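Colleague:
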Amino acid sequence: MGTGFACGGWALAWTVYIFNKGKYHPLVRPALLASLFGYSLGGLSITIDMGRYWHLPYFFLPGQFNTNSVLFETAVCMTIYICVVTLEFAPVWLGFFGLKKLFKKLNKIMFFVIALGALLPMMHQSSMGSLMIVAGHKVHPAWQSYEMLPVFSLLTAFIMGFSIVIFEGSVVKASLAGQAPDERHLFSQLTKTAAVLIALFLMFRFGELIYHNKLHYVLGLFKFEAWMFWAEVWLMTLPLLALFLGERRNDGRWLFVSALSMLLGAALWRLDYSMIMYNPGNGYKYFPSGQELLISIGFVSIEVCAYILIIRLFPVLPVLKEANKETSEYIIAEKAALSENLAQKNS
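First residue of the sequence shown: 0, per numbering that gives the first Met the number 0; consecutive thereafter.
(1) Compute the Euclidean distance between the alpha carbons of L265 and K100, then round it to the nearest angstrom.
(2) Look up Y38 in the DSSP assignment and say whether it is helix, strand or coil.
(3) Cα-Cα, which of A258, E146, L175 is closest to I197?
(4) What three-state label does DSSP hand Y283 in the structure shown?
(5) Alpha carbon to alpha carbon, how far is L189 from F243? Give it in angstroms, no decimals.
(6) Let me know if W226 comes out buried or exposed under the rule of 16 or more other beta-carbons within 10 Å of its beta-carbon.
(7) Using DSSP with H/G/I as helix, E/B as strand and the rest coil, what is V75?
(8) For C6, does the count of other Cβ atoms within 10 angstroms reach 16, so buried, or fall short, so exposed?
(9) How would you call S288, buried or exposed, if buried means at least 16 neighbouring beta carbons within 10 angstroms?
(10) Which runs of the alpha helix (DSSP H) spanning at least 4 residues fall entirely within the region 186–252, listed in chain order?
(11) Is there contact here, the region 127–144 with the region 205–219, by at least three beta-carbon pairs under 8 Å?
(12) Name, in chain order, the residues that DSSP records as bridge partners for Y277.
(13) Taking 8 Å as the cut-off, does the region 32–45 touch the region 74–88 (at least 3 CB pairs, one atom from each stretch)?
(14) So, for L154: in the same chain, excluding its five sequence neighbours on each side, which residues have a beta-carbon less than 7 Å away from its beta-carbon?
(15) Can you list, in chain order, the residues of its chain with a C-beta nearer than 6 Å to that of R183? Leave out the 5 residues immediately preceding and following it.
(16) Applying the 10 Å Cβ sphere with the 16-neighbour rule, what's the burial state of Y283?
(17) My understanding is that A166 touches L262, with C-beta atoms under 8 Å, so please give their C-beta distance in whole angstroms.
(18) With distances taken from CA atoms, which of F221, M235, L220, V171 is nearest M202?
(19) Could you check the C-alpha separation between M127 and P180 for me, to the nearest Å?
(20) Between which residues of its own chain and V256 is the CB-CB distance below 7 Å, once the five residues before and five after are set aside?
(21) Going by DSSP in three states, T66 sits in which element: helix, strand or coil?
(22) So, for G116: in the same chain, excluding its five sequence neighbours on each side, which residues have a beta-carbon less than 8 Å away from its beta-carbon?
(23) Determine whether the beta carbon atoms of H0 and E72 lie at a separation below 8 Å.
(24) Can you say whether K172 is buried or exposed, counting buried as having 16 or more other CB atoms within 10 angstroms of its CB?
(25) With respect to the alpha helix (DSSP H) encompassing L308, which residues constitute its N-terminal and C-terminal limits?
(26) Answer with buried or exposed for E231, where buried requires no fewer than 16 other C-beta atoms within 10 angstroms of its C-beta.
(27) Where does F59 sit, in a helix, a strand or coil, going by DSSP?
(28) Taking Cβ positions, are S169 and L240 nearer each other than 8 Å?
(29) Look at V164 and A30 and say whether their C-beta atoms are less than 8 Å apart.
See the structure below:
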């Protein structure tokens with residue numbers, strides 16, 4: 000589930016560079032930064048959760064590769080993707096420190112880096128769905144699908160990617176108290192894209208249940224699985240109905256609430272198929288312990304603090320239009336002088 004929250008950079012890479020929607024380019028750098036932190040800290044937390052983390056180096060030894068494992072493919076793709084996102088975000092600090100030569104060299108291969116960055120998450124996000132196929136009947140029939148689990152996992156990754164961009168952008172805009180550029184029109188367009196993806200997800204979801212005669216599992220007032228299923232559906236659809244049936248599509252508060260609700264809906268589906276609706280057998284039940292929850296909360300806190308620090312130090316956000324023009328000009332001049340001094344030292 001955690002990597003789904005880090006799919007903002009990947010979703011925007013497809014939008015801006017693959018589908019050539021350049022108007023969304025101001026949102027790319029913040030999304031890439033969030034993806035970089037999300038995947039890096041997610042990989043670190045997995046290392047801790049492994050328990051026997053001293054065995055991790057064996058993963059990088061060719062003789063130890065288990066190429067028949069879906070988990071191996073997922074780990075390889077995620078490891079490479081962390082390196083790719085680092086390169087995609089590198090122009091931010093290369094430009095800030097005046098490293099023009101490195102910037103130009105990186106720019107020559109950036110098309111390849113972007114293409115690789117668009118491909119890798121498609122592989123490991125779909126593989127995360129494939130991981131539970133081998134669980135067979137241990138996953139509840141309403142969530143187990145030997146044909147569609149990879150597709151569902153990929154679609155929810157896109158939905159969470161676009162939703163997290165809107166969510167983070169709304170939070171940053173609110174925290175800057177009107178000093179950030181108004182990007183509500185971009186967020187509104189992204190909700191339309193998310194709406195199309197949600198419609199596809201629900202069409203495939205209901206179609207799979209009907210085709211395999213499993214719809215009865217999610218019908219009934221006294222069934223736990225029915226409550227969980229409809230919670231997923233309504234969390235993803237109700238905010239969109241509120242946005243598109245009224246005049247609230249450009250309301251910042253509704254955009255924030257809708258993004259949060261879509262995130263929760265897609266995340267709940269991932270929790271359901273991988274944990275809540277998974278029965279290992281022999282009466283065994285699993286729920287994260289207090290220590291595990293604290294580790295996750297700690298990593299999220301580190302990510303938030305680091306994100307705030309980076310956007311204050313580096314040119315990640317679009318150019319701010321401060322209410323006080325003199326303050327704005329002073330900040331711009333100060334940063335320009337610092338960059339020029341660093342460039343002179345490196346030359």
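Quick reminder that beta carbons are idealized off the backbone N, C-alpha and C, glycines included. All values reported here derive from a predicted model rather than from experimental measurement.
Modeller: So, from the listed chains and residues:
(1) Looking at the sequence provided, one finds Ala at residue 265 rather than Leu. Roughly 43 Å between the two C-alpha positions.
(2) helix
(3) A258
(4) coil
(5) 13 Å
(6) exposed
(7) helix
(8) buried
(9) exposed
(10) 223–244
(11) yes
(12) V138
(13) yes
(14) L196, L199, F200
(15) N249, G251
(16) exposed
(17) According to the sequence as given, residue 166 is Phe; it is not Ala. Confirmed, Cβ separation roughly 6 Å.
(18) M235
(19) 36 Å
(20) P238
(21) coil
(22) G8, W9, A12, Y80, V83, V84, E87
(23) A small fix is needed here, since residue 0 is Met in this sequence, not His. Contact flag unset, no.
(24) buried
(25) 289–312
(26) buried
(27) helix
(28) no
(29) yes
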